[in-house]
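Report on the structure given below.
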Amino acid sequence: VIKMPEYGDFDWEAAAEKDRDTYLKEPEQSLFVISGMGDLFQQFISFMGFVEGLCAIFEEPETVEELFDFMLENTLYITKNVLYYYKPDGYYLLDDTASKLQPFVSPQVFEKLLVPRYKKILDPVVNAGVPIFYHNCGRCEDLLSSMVELGVKVWDPAQPVNDLKAIKNRYGNQLVINGGYEYDLPLRWTDVDEEEVRQTVRDTFELLAPGGGYVFSGGVKSLDLNDPDVQRVNGWIRDEAQKLSETFYS
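Note that the working numbering has the sequence shown beginning at 1035, numbered continuously upward.
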């Protein structure tokens, strides 16, 4: 049984003031980007798990849509108050709907189940003039066109399993690519050449940065971020990216 949270005693104005003071240390150099809890697909999968959730989408689509609309009420309430009280510089929609190889649902199901509900969430954001940041991992390029039409301005992490060159050519500055880089561990790890690593960063800039609309982000493709060798290589990557960020458009 899923119950709607109760917000009757929640002081949005005080929360917004406290959060801005806590997280926005340098207002002149930072953007205040906040989520409206629009991750309907991930919430749904969290409730049911991938196997049961995806089977339900196929076997009981009308019931699933009822559940999505129930969750949508909560998201719209949060989004409305976030826009009014927090006055954010950006709105963050995080909803991973793709695996490494392909989306979890077909583009047709995505268009029917999620896009109309995303539109209800994002229309108030667009009308408020707030840029929309969209997070979707994996190979989600088949789903991007609808999201750009809904007003998405920035997409991350833009993993290289997508055809980033084609996406860059198609959307230009209409869609900012934030990410676009991964360094795969070589077979002879930890035997890596610093210059070769730095060249991969340069190659990424050459591919995605011309004309603007690109924010570099990424590093060694490893979950062991405390490993000294991972940190060493990530240091080369960050250093090269910093240099290029300061000189590429000059």
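Every residue, glycine too, gets a C-beta built ideally from N, C-alpha and C.
Residue i, DSSP secondary structure in three states
i	result
residue 1150	helix
residue 1230	helix
residue 1179	helix
residue 1251	strand
residue 1166	strand
residue 1158	helix
residue 1281	helix
residue 1236	helix
residue 1035	coil
residue 1268	helix
residue 1243	coil
residue 1219	coil
residue 1040	coil
residue 1263	helix
residue 1273	helix
Separation of residue j from residue i, as counted between CA atoms
i	j	result
residue 1236	residue 1217	12 angstroms
residue 1269	residue 1212	19 angstroms
residue 1050	residue 1092	40 angstroms
residue 1003	residue 1126	The requested residue 1003 does not occur in the structure, where the chain is confined to residues 1035 to 1284.
residue 1201	residue 1178	9 angstroms
residue 1277	residue 1075	38 angstroms
residue 1099	residue 1147	7 angstroms
residue 1136	residue 1130	11 angstroms
residue 1299	residue 1242	Since the first and last residues shown for the chain are 1035 and 1284, residue 1299 lies out of range.
residue 1134	residue 1140	14 angstroms
residue 1184	residue 1152	8 angstroms
residue 994	residue 1170	Because the chain here runs from 1035 to 1284, residue 994 falls outside it and cannot be looked at.
residue 1070	residue 1197	29 angstroms
residue 1182	residue 1053	29 angstroms
residue 1205	residue 1121	28 angstroms
residue 1290	residue 1260	In the structure as shown, the chain begins at 1035 and stops at 1284. Residue 1290 is therefore absent and cannot be evaluated.
residue 1283	residue 1232	18 angstroms
residue 1081	residue 1161	31 angstroms
residue 1175	residue 1199	11 angstroms
residue 1279	residue 1234	15 angstroms
residue 1041	residue 1229	54 angstroms
residue 1172	residue 1227	28 angstroms
Contacting residues, own chain, Cβ-Cβ under 8 angstroms from residue i (five flanking each side not counted)
i	result
residue 1207	1245, 1246, 1247
residue 1119	1046, 1047, 1049, 1050
residue 1123	1065, 1066, 1067, 1164, 1165
residue 1038	1104, 1107, 1108
residue 1251	1190, 1191, 1212, 1213, 1214, 1215
Other residues of its chain near residue i: CB distance less than 7 angstroms, five sequence neighbours each side excluded
i	result
residue 1064	1058
residue 1087	1078, 1079
residue 1256	1219, 1264
Beta-carbon proximity list for residue i, same chain, < 6 angstroms, skipping 5 on both sides
i	result
residue 1149	1180
residue 1254	1217, 1264, 1267, 1268
residue 1186	1166, 1168
residue 1273	none
residue 1240	none
residue 1085	none
CB contact below 9 angstroms: residue i versus chain D
i	result
residue 1041	As a matter of chain content, chain D is missing from the structure shown, which is built from one protein chain.
Near the ligand NAD: residue i beta-carbon under 8 angstroms from a heavy atom
i	result
residue 1266	Annotation note on the ligand NAD: not contained in the displayed structure, which lists no ligands.
Runs of 4 residues minimum, wholly inside the stretch 1093-1142: which ones carry the alpha helix (DSSP H) assignment?
1095-1115
Would you be able to state if there are at least three C-beta pairs under 8 angstroms between the stretch 1105-1117 and the stretch 1149-1164?
yes
Ordered list of alpha helix (DSSP H) runs contained in the stretch 1056-1098, each at least 4 residues:
1074-1082, 1084-1093
Does the structure place the stretch 1095-1109 close enough to the stretch 1187-1199 that three or more beta carbon pairs sit under 8 angstroms?
no
In chain order, what are the residue ranges of uninterrupted alpha helix (DSSP H) at least 4 long that sit wholly in the stretch 1187-1217?
1198-1205
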